[in-house]
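Engineer:
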Amino acid sequence: FAFADGNDTYRLNAFGFLHYAVVALGTPNVTFLVALDTGSDLFWVPCDCLKCAPLSSPEYGNLKFDVYSPRKSSTSRKVPCSSSLCDLQTQCNSAASKSCPYSIEYLSDNTSSNGVLIEDVLYLASESGKSKITQAPITFGCGQVQTGSFLGSAAPNGLLGLGMDSKSVPSLLASQGVAANSFSMCFGEDGHGRINFGDTGSADQLETPLNIYKHKYACFHFSQFHKQTI
1 FAFADGNDTY RLNAFGFLHY AVVALGTPNV TFLVALDTGS DLFWVPCDCL KCAPLSSPEY
61 GNLKFDVYSP RKSSTSRKVP CSSSLCDLQT QCNSAASKSC PYSIEYLSDN TSSNGVLIED
121 VLYLASESGK SKITQAPITF GCGQVQTGSF LGSAAPNGLL GLGMDSKSVP SLLASQGVAA
181 NSFSMCFGED GHGRINFGDT GSADQLETPL NIYKHKYACF HFSQFHKQTI
């Protein structure tokens, strides 16, 4: 599967030299230009903003961003504190229907995203074409307060965590049987690339084991390097 708007990714130097993709959420759908991050898990977009990056800026060029609003999506629903995906249950009150809060700090100085968890549909398309669109329910962050780099220089329109935790998009798609719990990315020298979900590769391809290192703020994947032959 790819995102409904295509599997293209772009390295945008104006936004922290990160790689970005276009995703569509909600009913009716709203599109976001999100940074791709293998070092974190949660997918979040600016939403009901109290402190977010501006929607337009001379630094963005011709780009104008959207904000997600749960009230404007007919398929949106709150994620209760009783959900297994709620990591901050101790910050909820006794009402099980209260929205689950989230707060994530990133490695960049004073950079974080804070808000509540929401469930809505993410639009996907098969690699063979865009004629069949899949609406996959996923849990993501309604990012109400961003700090640090997220206020303009990096991920101003959201971030897609691709980590191994149960709340990452690849894990959520796998738990629903939408796609295998895997994804692939390829980046060209010109900054253009692709991302696909459920890509298990071919049976005869070579594999490299990954070692997992869990940091306070993120989970990183490492591969061991033994030798180089020229």
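Counted the way UniProt numbering counts, the sequence shown spans residues 1 to 230. For glycine and all other residues, C-beta sits at the position ideal for the given N, C-alpha and C. The model shown is predicted, which means the values in this text are computed figures rather than measured ones.
Could you tell me the distance, in whole angstroms, from the CA atom of residue 265 to the CA atom of ALA2?
Structural biologist: Outside the shown range of the chain, which is 1 to 230, sits residue 265, and nothing can be said about it.
Engineer: Does DSSP put ASN62 in a helix, a strand or coil?
Structural biologist: As a first step, residue 62 must be located in the sequence shown, where it is residue number 62. ASN62: coil per DSSP, three-state reduction.
Engineer: Can you tell me which of GLY193, ASP165 and GLY6 puts its alpha carbon nearest to the alpha carbon of ASN181?
Structural biologist: As a position in the sequence shown, residue 181 is number 181, starting the count at 1. If we check each option's Cα against that of ASN181, ASP165 comes out closest.
Engineer: Tell me, please, whether the stretch 71 to 80 touches the stretch 165 to 176 by the rule of three or more beta-carbon pairs shorter than 8 Å.
Structural biologist: Short answer: they don't touch.
Engineer: Quick check on THR229: does DSSP put it in helix, strand or coil?
Structural biologist: Against the sequence shown, residue 229 aligns to sequence position 229. Residue state, collapsed to three classes: coil.
Engineer: Hey, out of SER184, VAL145, TYR123 and LYS78, whose CA is closest to VAL30's CA?
Structural biologist: Locating residue 30 in the sequence shown gives position 30, counting from the first residue. When each option's Cα is compared against that of VAL30, the closest is TYR123.
Engineer: Can you look up PHE150 in the DSSP assignment and give me helix, strand or coil?
Structural biologist: One-based indexing of the sequence shown puts residue 150 at position 150. Reduced to three states, the DSSP call for PHE150 is helix.
Engineer: Count the other C-beta atoms from every protein chain shown that fall within 10 angstroms of the C-beta of LEU206, then say buried if there are 16 or more, exposed otherwise.
Structural biologist: Reading the sequence shown from its first residue, position 206 is the one you call residue 206. LEU206 is exposed by the Cβ-count criterion.
Engineer: State buried or exposed for residue 236, treating a residue as buried only when at least 16 other CB atoms are found within 10 Å of its CB.
Structural biologist: As displayed, the chain neither begins before 1 nor continues past 230, which places residue 236 out of reach and without an answer.
Engineer: Residue range of the alpha helix (DSSP H) that SER171 falls in?
Structural biologist: To locate residue 171, count along the sequence shown from 1; it is residue 171. Run containing SER171: 169 to 175, per the alpha helix (DSSP H) assignment.
Engineer: Could you tell me whether the Cβ atoms of GLY193 and LEU42 are closer together than 7 Å?
Structural biologist: Working through the sequence shown from its first residue, we reach residue 193 at position 193. Working through the sequence shown from its first residue, we reach residue 42 at position 42. Not a contact, by the Cβ cut-off of 7 Å.
Engineer: Go to LEU37, then tell me how far its beta strand (DSSP E) extends in each direction, as first and last residue.
Structural biologist: If you number the sequence shown from 1, residue 37 lands on position 37. First, the amino acid is wrong: residue 37 is Asp here, not Leu. First-last of the beta strand (DSSP E) with ASP37: 30 to 37.
Engineer: Secondary structure at ASN110, three-state DSSP: helix, strand or coil?
Structural biologist: Position 110 of the sequence shown, counted from the first residue, corresponds to residue 110. In the structure shown, ASN110 sits in coil (DSSP, three-state: anything other than H, G, I, E or B).
Engineer: SER184 and ASP204: beta carbons closer than 7 Å?
Structural biologist: Against the sequence shown, residue 184 aligns to sequence position 184. Against the sequence shown, residue 204 aligns to sequence position 204. Against a cut-off of 7 Å, the Cβ pair of ASP204 and SER184 comes out as no contact.
Engineer: How big is the Cα-Cα spacing for TRP44 and PHE150?
Structural biologist: As a working mapping, residue 44 is identified with position 44 in the sequence shown. As a working mapping, residue 150 is identified with position 150 in the sequence shown. Their backbone Cα atoms lie some 11 Å apart in a straight line.
Engineer: For the putative contact between SER108 and GLY148, defined by C-beta atoms under 8 Å, what is the C-beta separation to the nearest angstrom?
Structural biologist: Residue 108 sits at position 108 when you count from the first residue of the sequence shown. Residue 148 sits at position 148 when you count from the first residue of the sequence shown. Indeed, because the Cβ distance is near 6 Å, the residues count as touching under 8 Å.
Engineer: Is the distance from the Cβ of PHE32 to the Cβ of VAL23 below 7 Å?
Structural biologist: To locate residue 32, count along the sequence shown from 1; it is residue 32. To locate residue 23, count along the sequence shown from 1; it is residue 23. Contact: yes.
Engineer: For SER83 versus CYS100, is the C-beta spacing smaller than 7 Å?
Structural biologist: In the sequence shown, residue 83 corresponds to position 83, counting from 1. In the sequence shown, residue 100 corresponds to position 100, counting from 1. In contact: SER83 and CYS100 (Cβ atoms closer than 7 Å).
Engineer: What residue does the beta strand (DSSP E) around ARG194 start on, and which one ends it?
Structural biologist: The sequence position of residue 194 within the sequence shown is 194, counting from 1. 192 to 197 is the span of the beta strand (DSSP E), which, as asked, contains ARG194.
Engineer: So, using beta-carbon positions, are PHE65 and ASN157 closer together than 7 Å?
Structural biologist: Your numbering for residue 65 matches position 65 in the sequence shown. Your numbering for residue 157 matches position 157 in the sequence shown. Yes, the pair counts as a contact, with Cβ atoms nearer than the cut-off.
Engineer: Need the endpoints of the beta strand (DSSP E) that GLU189 sits in, please.
Structural biologist: Position 189 of the sequence shown, counting from 1, holds the residue named residue 189. Looking at the DSSP string, GLU189 is not in any beta strand (DSSP E), and its letter there is neither H nor E.
Engineer: Whole angstroms is fine: what's the gap from ILE138's alpha carbon to THR229's?
Structural biologist: As a working mapping, residue 138 is identified with position 138 in the sequence shown. As a working mapping, residue 229 is identified with position 229 in the sequence shown. Between ILE138 and THR229, the C-alpha separation is close to 44 Å.
Engineer: Among the residues of its own chain, which have a CB less than 7 Å from the CB of ALA174, if the five just before and after it don't count?
Structural biologist: Along the sequence shown, one-based indexing puts residue 174 at 174. Within the same chain, ALA174 has close Cβ partners ALA180 and ASN181.
Engineer: I'd like to check one pair, THR75 with TRP34: are the Cβ atoms closer than 7 Å?
Structural biologist: What you label residue 34 is simply residue 34 of the sequence shown in a count that begins at 1. What you label residue 75 is simply residue 75 of the sequence shown in a count that begins at 1. Residue identity differs from the one stated: residue 34 is Val in this sequence, not Trp. Result no, Cβ atoms of VAL34 and THR75 do not sit closer than 7 Å.
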